[in-house]
Every structure is written in C-alpha cells, then in structure tokens.
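Participant: Going by UniProt numbering, the sequence shown opens with residue 1, and the numbers climb by one from there.
We put the beta carbon where it would ideally sit given N, CA and C, even for glycine.
Nothing here was measured: the structure is a model prediction, and the numbers come from that model.
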Amino acid sequence: MNDSLNDSVNGGATRAGEMDVDGRTVPVPADPTESLARALRRAGRTGTHIGCANGDCGACTVLIDGEAFKSCIVPAWRAEQRSVRTIQGLAPVDGDLNRVQQAFRSEDGFQCGFCLAGPVMCLQELVDGDPEPSDDAVRSALAGNLCRCTGYQQILRAARAAVSTGPRPTDRAPAGRADVAPG
Ligand code: FES
Ligand code: FES
Numbered sequence: 001m002n003d004s005l006n007d008s009v010n011g012g013a014t015r016a017g018e019m020d021v022d023g024r025t026v027p028v029p030a031d032p033t034e035s036l037a038r039a040l041r042r043a044g045r046t047g048t049h050i051g052c053a054n055g056d057c058g059a060c061t062v063l064i065d066g067e068a069f070k071s072c073i074v075p076a077w078r079a080e081q082r083s084v085r086t087i088q089g090l091a092p093v094d095g096d097l098n099r100v101q102q103a104f105r106s107e108d109g110f111q112c113g114f115c116l117a118g119p120v121m122c123l124q125e126l127v128d129g130d131p132e133p134s135d136d137a138v139r140s141a142l143a144g145n146l147c148r149c150t151g152y153q154q155i156l157r158a159a160r161a162a163v164s165t166g167p168r169p170t171d172r173a174p175a176g177r178a179d180v181a182p183g
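#1: Under 7 Å: does the beta carbon of residue 101 sit that close to some heavy atom of ligand 2?
#2: Hey, which residues come within less than 6 Å of ligand 2, measuring from Cβ to any heavy atom, in chain order?
#3: Identify, in the order they occur along the chain, each residue of the same chain with its Cβ nearer than 7 Å to the Cβ of residue 42, setting aside the five sequence neighbours on each side.
#4: Considering residue 156, what are the terminal residues of the alpha helix (DSSP H) in which it resides?
#5: Looking at C-alpha atoms only, which residue of 17, 50, 123, 79 is the closest neighbour of residue 102?
#6: Exposed or buried, residue 98, counting other C-beta atoms within 10 Å across all chains shown (16 or more means buried)?
#7: Using a Cβ-Cβ cutoff of less than 6 Å, which residues in the same chain neighbour residue 35 once the five nearest sequence positions on both sides are dropped?
#8: Between residue 22 and the rest of its own chain, which residues show a CB-CB distance below 8 Å, the 5 nearest in sequence each way excluded?
#9: In three-state terms, what does DSSP make of residue 68?
#10: Among the candidates 60, 130, 111, whose CA atom is the shortest distance from the CA of residue 158?
#11: Can you tell me whether residue 136 is buried or exposed, with buried defined as 16 or more other CB within 10 angstroms of its CB?
#12: Please list, in chain order, all residues of the same chain as residue 49 whose beta carbon is under 7 Å from its beta carbon, the five residues on each side excluded.
#13: For residue 50, is the beta carbon positioned less than 7 Å from some heavy atom of ligand 1?
#14: Please classify residue 20 as buried or exposed, where buried requires at least 16 other C-beta atoms within 10 Å of its C-beta.
#15: Taking its Cβ as the centre, do 16 or more other Cβ atoms sit within 10 Å of residue 125, making it buried, or is it exposed?
#16: Looking at ligand 1, does it come within less than 7 Å of residue 57, judged from the CB to the closest heavy atom?
#17: Between which two residues does the beta strand (DSSP E) holding residue 27 run?
#18: Return the residue from the list 129, 128, 105, 54 that minimises the CA-CA distance to residue 161.
Here it is as structure tokens:
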C-alpha cells in the first residue's frame, strides 16, 4: 500500500487534475457533477458504499485530508490535490487491519457490513485527533451513521474497544486536515 505515490501525499506533489486515494494517484473526473463517491468506486475503492446518495446514511464516508466527509455529496473535483483515505486505505499493509477495523471485527460491530465505512471512518477521524476520546465524543462521532442491522449496541461496543485498545504499532499516521466543504 505504501508505494512511491504515497510520498506524493506527504510531499504535496499531486498535480492539478489528480487526487491521492489511499496512496495512489487517481485522475479527477472531467464531469464536474460526478460525486467523489462514484469516482472512488470507479477507481476500485468499492468499500465506499453508496446507500442514500443524499448525505443521510454515512455509508460513503471517507477522510479528506484527515476529515470525515460523506462523499456522495462532495463533488469529486473538490478532492483535487487532496489526500482521500477510504476504508480500504486504513490498514497498514494489504491483508492487515488497523486499530478501528480490528475492533469492529473482534466485537462483531457489523452484520451485513453495508454501512461499515460510516462508523469506521468517523471513529478513525476521532481517534486520529484524540487517541482517548470520551464516551460522549464517541457517540457524537457516530451519530450521523445509519445501520439497518446491528441495533447500534455492537457498533458502540466496537468503538469503545477501539478506544480502549489504543493504536496498533503498525497503524498509519493520520493525514493532515484541510478546509474542504461539500459543494
Ligand atoms: S450514500 Fe452518502 S450519506 Fe448515504
Ligand atoms: S451492518 Fe448492515 S447496515 Fe449496518
């Protein structure tokens, strides 16, 4: 996962017309109306799901320069020269899981998994900024995500487990933040 393209993120070397997606340079679509969610899925990041396509469910959540956004309501062009991290880009290496992903797996924090990117990416944003957030902060971070399966208790249990476990030694460092707003 960490190849030379990842250096372009840290060095800010992505060019106009490109965005960095999980360490790989991806062209920004020419269509200004295409959502970031659709562009990511066309680029193979199909772990970013599209449910409502209206900013309500959270299944499409990604981090843009470290900040969580519902990518179905962000035009892809807003991510130009930005670092986009999807649920597929959290693991330090292919086949591994990071702190948050491992907790959701261990605590059965999902059933069908369709919504999973929402709570995982929102919790990732939270622990990147505060490794030991309060329970209220955890609940607040997860509030914008809808799940049809779990009844939410398993999600909360997984989130608390991720917080109490702390970072795994191999977890990737968070990306920097930038001012990006849905267009
Ligand atoms: S698909 Fe983006 S919020 Fe539901
Ligand atoms: S696990 Fe099925 S929608 Fe959340």
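Facilitator: Let me spell this out:
#1: Counting from 1 along the sequence shown, the entry for residue 101 is found at position 101. Relative to ligand 2, residue 101 has its C-beta separated by 7 Å or more from all heavy atoms.
#2: 110, 111, 112, 113, 114, 115, 147, 148, 149, 150
#3: The count along the sequence shown starts at 1 and reaches residue 42 at position 42. There are no such residues.
#4: Against the sequence shown, residue 156 aligns to sequence position 156. First-last of the alpha helix (DSSP H) with residue 156: 153-165.
#5: Looking up residue 102 in the sequence shown gives position 102. Ranking 17, 50, 123, 79 by Cα distance to residue 102 puts 123 first.
#6: Along the sequence shown, one-based indexing puts residue 98 at 98. Classified as buried, residue 98 has 16 or more neighbouring CB atoms from the shown chains inside 10 Å of its CB.
#7: Mapped onto the sequence shown, residue 35 falls at position 35. For residue 35, where only same-chain residues beyond five positions count, the Cβ hits under 6 Å are 72.
#8: Within the sequence shown, numbered from 1, the residue matching residue 22 stands at position 22. Counting only Cβ-Cβ distances below 8 Å, and skipping sequence neighbours, we find 1, 45, 84, 85, 86, 88, 89.
#9: Here the question's residue 68 lines up with position 68 in the sequence shown. In the structure shown, residue 68 sits in a strand (DSSP, three-state: E or B).
#10: Walking along the sequence shown from the start, residue 158 turns up at place 158. Closest by alpha carbon: 111.
#11: Taking the sequence shown and counting its residues from 1, one reaches residue 136 at position 136. The residue is exposed, with fewer than 16 neighbouring Cβ atoms inside 10 Å.
#12: In the sequence shown, the residue the question calls residue 49 occupies position 49. 59, 60, 114, 117.
#13: Position 50 of the sequence shown, counting from 1, holds the residue named residue 50. Answer for residue 50: yes, Cβ within range of ligand 1.
#14: Walking along the sequence shown from the start, residue 20 turns up at place 20. Buried.
#15: Along the sequence shown, one-based indexing puts residue 125 at 125. Classification of residue 125: buried, given that the 10 Å Cβ count is 16 or more.
#16: Position 57 of the sequence shown, counting from 1, holds the residue named residue 57. At least one heavy atom of ligand 1 is nearer than 7 Å to the Cβ of residue 57, so yes.
#17: Counting from 1 along the sequence shown, the entry for residue 27 is found at position 27. Taken as a continuous stretch (DSSP letters only), the beta strand (DSSP E) holding residue 27 covers 24-27.
#18: As a first step, residue 161 must be located in the sequence shown, where it is residue number 161. For residue 161, the nearest C-alpha among the options comes from 105.
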